[in-house]
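Here's the structure we're looking at; comments come further down.
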Amino acid sequence: MILLDTHALIWWADGNHLRLSANALAAIDQEIESAGRPGGSPGLLVSAISCWEVAMLVNRGRLALSLDVERWLALLASHPAVRLLALDPAVAVAATRLPEPFHADPADRFLVAQARELGIPLLSADNKILSYGHVRSLW
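The numbering of the sequence shown is this note's numbering, which starts it at -19 and goes up by one.
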């Protein structure tokens, strides 16, 4: 299982695979393959905070999707390898208690806290996340 950072989610879901590293694409492909096996379960985890970020980017005109955001998210959620994750109180509190130093972006803090709580890697191209020594990350 891997948690997708918002930019990685957008690039993958919109088919912009050239923006993904070879390692990132291989990790995503492995989770898709695993989900397709008998007894397999969705291994591409998408946080509710990423859904919020996508909607905010669309609302602000910084992201154009091929569908309206509700349909885009519904299509994403229907993918057999994808599991949407709610934010729970433990993650909300953990996001405020990350080992410092880490930057203040709330969405990144939630994603890092969620990956840490689940004990899974966060797939991200963000250098602030990749260089943060307190979460497993892939790129």
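Beta carbons are placed, not taken as given, at the ideal position from N, Cα and C, and that holds for glycine.
Residue of D106, I100 and N107 minimising C-alpha distance to G23
Within the sequence shown, numbered from 1, the residue matching residue 23 stands at position 43. When only C-alpha atoms are compared, the closest one is I100.
To the nearest angstrom, report how far apart W(-9) and D9 are at their CA atoms.
What you label residue -9 is simply residue 11 of the sequence shown in a count that begins at 1. What you label residue 9 is simply residue 29 of the sequence shown in a count that begins at 1. Cα to Cα, the separation comes out at about 14 Å.
Return the chain-ordered list of same chain residues with a C-beta closer than 8 Å to the C-beta of L103, the five sequence neighbours on each side being excluded.
Counting from 1 along the sequence shown, the entry for residue 103 is found at position 123. Closer than 8 Å at the Cβ level, and outside the excluded window around L103, lie I(-18), L(-17), L(-16), D(-15), A(-12), A4, A7, I8, S117, L118 and W119.
Cross-strand partners of V62 (DSSP beta bridge):
Residue numbering aside, residue 62 sits at position 82 when the sequence shown is read from its first letter. V62 pairs with L24.
Which listed residue (G16, L56 and N39) has its alpha carbon closest to that of G(-5)
On the sequence shown, residue -5 is found 15 positions in, with the first residue counted as 1. Minimum Cα distance to G(-5) is reached at L56.
Is it the case that the Cβ atoms of L(-2) and C31 are separated by a distance below 7 Å?
Locating residue -2 in the sequence shown gives position 18, counting from the first residue. Locating residue 31 in the sequence shown gives position 51, counting from the first residue. Cβ distance not < 7 Å, so L(-2) and C31 don't count as in contact.
Tell me whether R89 is buried or exposed, calling it buried when 16 or more other Cβ atoms sit within 10 Å of its Cβ.
Counted from its first residue, the sequence shown places residue 89 at position 109. Buried: at least 16 other Cβ atoms inside 10 Å.
Local Cβ density within 10 Å of V73, reported as buried at 16 or more and exposed below that
The residue you call residue 73 lines up with position 93 of the sequence shown. Its Cβ having fewer than 16 others within 10 Å, V73 is exposed.
What's the C-alpha gap between V34 and R96?
The residue you call residue 34 lines up with position 54 of the sequence shown. The residue you call residue 96 lines up with position 116 of the sequence shown. If you take the alpha carbons of V34 and R96, they lie about 22 Å apart.
Roughly how many angstroms lie between the CA atoms of R63 and V26, to the nearest whole one?
Position 83 of the sequence shown holds residue 63. Position 46 of the sequence shown holds residue 26. Rounded to the nearest angstrom, the two C-alpha atoms are 6 Å apart.
Have a look at L47, G20, Q94 and Y112 and flag the residue whose alpha-carbon is nearest the alpha-carbon of A75.
As a position in the sequence shown, residue 75 is number 95, starting the count at 1. Looking at the Cα atoms, Q94 is the closest of the given residues.
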